[in-house]
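Residue numbers (our numbering), protein chains in the order written: chain Y, 1107 to 1383; chain X, 1107 to 1383.
Accompanying notes for the structure given below.
Protein chains: 2
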Amino acid sequence: MCPSPDIEDSKRGYVIPIGGADKYTDNQQVLTRLCELCGDREGRIAILMVAEHQSEIVELYQSSLKRCGATRVDGFSIVNREEGNQDELLESISAYDGIIITGGNPLMVSTTLGGTAIAKLIRRMNADGVHIAGTVGGAALMSEHMIAAGEAGAIPRQNGVTLAPGLGLTNNYIIDHNFRQRDRLGRLLTALSYNPFVTGIGLDENTAAFIADDGEMEVIGSGAITVIDPGNLQYSSMGSACSGDPISLYGLQLHILTHGARYHPITGAALNVGRYM
Amino acid sequence: MCPSPDIEDSKRGYVIPIGGADKYTDNQQVLTRLCELCGDREGRIAILMVAEHQSEIVELYQSSLKRCGATRVDGFSIVNREEGNQDELLESISAYDGIIITGGNPLMVSTTLGGTAIAKLIRRMNADGVHIAGTVGGAALMSEHMIAAGEAGAIPRQNGVTLAPGLGLTNNYIIDHNFRQRDRLGRLLTALSYNPFVTGIGLDENTAAFIADDGEMEVIGSGAITVIDPGNLQYSSMGSACSGDPISLYGLQLHILTHGARYHPITGAALNVGRYM
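Structure representation (structure tokens):
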């Protein structure tokens, strides 16, 4: 799914995948920037827990985000698909200026949220200027093609990744999270090799990509974002490999970007090759 | 990837996944309809063999298509990514009114074609009114989320399907081919359960979906198309299942459509629930 169509006179909100974190308090740079952006409206942020409900998550976010300038922080949970279609929840959520989607397993998040009224609402709210962040499973969900699972390790392998349709808030990037902490280069390369038309980004913990309406990404946080651009890929052995085989890939471009760096994919159907600060 | 943006004053061409066939001559209904559509322009059809080159394929298509009214039928092959970026090929292909993409293994097709200049050209030509058909791997490639591989059998299973990004000529459907001949209901259900926002279609051999610019699909051919609409899915156990486990899915809608029947997904972000003749 590509992003929801433009809304006249509205500037699309930021899409903000976060690479996960052990402690929410370590994520101050990311949360501060999110609060600054939401402060351009009324600074209200919703924490949307999908397929989980942990009140301590909300409390941690409430204290952190309020220190960073949020005017209001409330928690909501969606444990099953029925809850994702309730009018009361839809009305509540539509009053916020930013949403953080939390959830561990990407497939738990996508199977609970996919195709529900709340999923459609979030897509429309983003087109209407609301900033949508997601951490771990919520980060994976942001993209059109979502990394749902895969093997650890640096080498791409046939069948080394499970892709699933995501929420499609961005179709410029395939996103992976907890990236260097869990040694995920191989599975991101595998995902890109299936169809080398999109840029891959691997987000370290406590690090987020702030993706603007034109696709430009800014790195915020204490770790790095690994960018892999397959736009000039000359050869891939993926099509002829057997399950589990290591894959040859010739001609990838690699950037490691840290706090404040930006990356801009070319706009258009195939979004590759960027400006690199 | 979603379809290439609209071109002013152009009506988008049909997208025509074909479910495969043992003999091209058994596909007369499909080829006749394709020739009728291309005849609205000058009736010129290109056979684009991706990751394969078999002169007998071209000869079979030439004799069949010319009997059906095509004015000109030529074969082209793209064996590697470099060939997909050659100016001469791009210029040649751009002169046709219809293209049939052939290729067996979907991942061979997507890794050879994905992100190349010819892939971008085909997307733009379709937006500009050229009809794009594909058989087997070329049929899978039509969709945004492509079924690249999977297990045979009727039961959906965790990890029972490999998805990869396709060419994105349609984002209304996830497409499977050789459907009832190779017992593929389970893998199509698995693909839909990952994120139940899109309609699944399983194409029998010698059967094609003629997908119009508004998403409406017409069934042409001697077999059937199995349509699975997960728009009202109440529950899926996919998120919590282990690899290989059978998956529970409650509330799917199923249609079996034969020659002349139509299916229309609702336009909008989540394309489900159709008119059913």
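Glycine included, each C-beta is placed from N, C-alpha and C at the ideal position.
Asked                                                                                                                                                                       : Found
Rounded to a whole number of angstroms, what is the C-alpha to C-alpha distance between Gly1272 (chain Y) and Ile1122 (chain Y)?                                            : 14 Å
Can you name the residues of chain Y whose CB is closer than 7 Å to the CB of Arg1187 (chain X)?                                                                            : Leu1339, Gln1340 and Tyr1341
Looking at C-beta atoms only, is the number of pairs between the stretch 1193-1203 of chain Y and the stretch 1168-1175 of chain Y that lie closer than 8 Å three or more?  : no
Should Cys1174 (chain Y) go down as buried or exposed, given a rule of 16 or more other Cβ atoms within 10 Å for buried?                                                    : buried
Using DSSP bridges, identify the partner residues of Thr1332 (chain X).                                                                                                     : X:Gly1308 and X:Ile1362
With 8 Å set as the bound, which would you pick, yes or no: does the beta-carbon of Pro1336 (chain Y) sit closer than that to a beta-carbon of chain X?                     : yes
Hey, how far is the Cα of Ala1260 (chain Y) from the Cα of Pro1352 (chain Y)?                                                                                               : 10 Å
Between the C-alpha atoms of Ile1307 (chain Y) and Thr1177 (chain X), what's the straight-line distance to the nearest angstrom?                                            : 47 Å
By the three-class DSSP mapping on this structure, what secondary structure does Leu1275 (chain X) have?                                                                    : coil
Let me confirm a value: Gln1160 (chain Y) is counted as buried when at least 16 other C-beta atoms fall within 10 Å, else exposed. Which label applies?                     : exposed
State the Cα-Cα distance for the pair Asn1378 (chain X) and Arg1368 (chain X), rounded to the nearest angstrom.                                                             : With a pLDDT of only 35 at Asn1378 (chain X), under 50, the local geometry of the prediction cannot be trusted, and the value read off the model is given with reservation. Looking at the two C-alpha atoms, the distance is approximately 14 Å.
Taking Asp1115 (chain Y) as the reference, give the member of Y:Ile1124, Y:Arg1147, Y:Gln1134 and Y:Ala1233 with the closest Cα.                                            : Y:Ala1233
Given this structure, state the Cα-to-Cα distance separating Cys1144 (chain X) from Ala1225 (chain X), to the nearest angstrom.                                             : 20 Å
For the alpha helix (DSSP H) that Ala1258 (chain X) lies in, which residues bound it at each end?                                                                           : Looking at the DSSP string, Ala1258 (chain X) is not in any alpha helix (DSSP H), and its letter there is neither H nor E.
Determine which residues share a DSSP beta bridge with Leu1324 (chain X) and list them.                                                                                     : First, the residue type needs correcting, since residue 1324 (chain X) is Glu and not Leu in the sequence shown. For Glu1324 (chain X), which the question treats as bridged, DSSP gives the partners X:Phe1316 and X:Arg1368.
For Met1155 (chain Y) and Asp1203 (chain X), I'd like the C-alpha separation in whole angstroms.                                                                            : 50 Å
If I follow the unbroken beta strand (DSSP E) through Gly1175 (chain X), where does it start and stop?                                                                      : Counting along the chain, Gly1175 (chain X) falls outside any beta strand (DSSP E), and DSSP gives it neither H nor E.
Just the C-alpha distance for Ala1245 (chain Y) and Ile1317 (chain Y), rounded to the nearest angstrom, thanks.                                                             : 12 Å
Looking only at its chain, what residues have a beta carbon closer than 6 Å to the beta carbon of Asn1338 (chain Y), apart from the 5 residues adjacent to it on each side? : Gly1357
Examine chain X for any beta-carbon lying closer than 8 Å to the beta-carbon of Gly1272 (chain Y), and answer yes or no.                                                    : yes
Put Leu1339 (chain X) into one of helix, strand or coil per three-state DSSP.                                                                                               : coil
Show which residues of chain X have a CB atom less than 9 Å away from the CB atom of Tyr1300 (chain Y).                                                                     : Leu1213, Ser1216, Thr1217, Gly1220, Met1252, Ala1254, Thr1268, Leu1269, Ala1270 and Pro1271
Examine chain X for any beta-carbon lying closer than 8 Å to the beta-carbon of Val1304 (chain Y), and answer yes or no.                                                    : yes
For the stretch 1275-1291 of chain X against the stretch 1238-1255 of chain X, are there 3 or more C-beta pairs whose distance is under 8 Å?                                : yes
Compute the distance between the beta-carbons of His1365 (chain Y) and Gln1135 (chain Y), then report whether it is under 8 Å.                                              : yes
If you measure beta-carbon to beta-carbon, which residues of the stretch 1346-1359 of chain Y are closer than 8 Å to chain X?                                               : Ser1346
To the nearest angstrom, how far is the alpha carbon of Asp1320 (chain Y) from that of Val1179 (chain X)?                                                                   : 41 Å
Could you check how far apart the C-beta atoms of Leu1269 (chain Y) and Ala1297 (chain X) are, in whole angstroms? I think they sit under 8 Å.                              : Going by Cβ atoms, the distance from Leu1269 (chain Y) to Ala1297 (chain X) rounds to 10 Å, so no, they are not a contact pair.
Let's see if you can read the secondary structure: which residues bound the alpha helix (DSSP H) around Arg1139 (chain Y)?                                                  : Gln1134 to Cys1144
For chain Y, check one thing: does any of its Cβ atoms lie closer than 8 Å to the Cβ of Cys1144 (chain X)?                                                                  : no
Counting only runs that start and end within the stretch 1155-1236 of chain Y, where is the beta strand (DSSP E) found for 3 or more residues in a row?                     : 1178-1184 and 1204-1208
Quick check: the Cα distance between Val1164 (chain X) and Ser1183 (chain X), rounded to an integer number of angstroms?                                                    : 10 Å
So which residues on chain X does Cys1108 (chain Y) lean against when the C-beta distance must stay under 9 Å?                                                              : Met1107, Cys1108, Pro1109, Glu1250, Gly1274 and Asn1277
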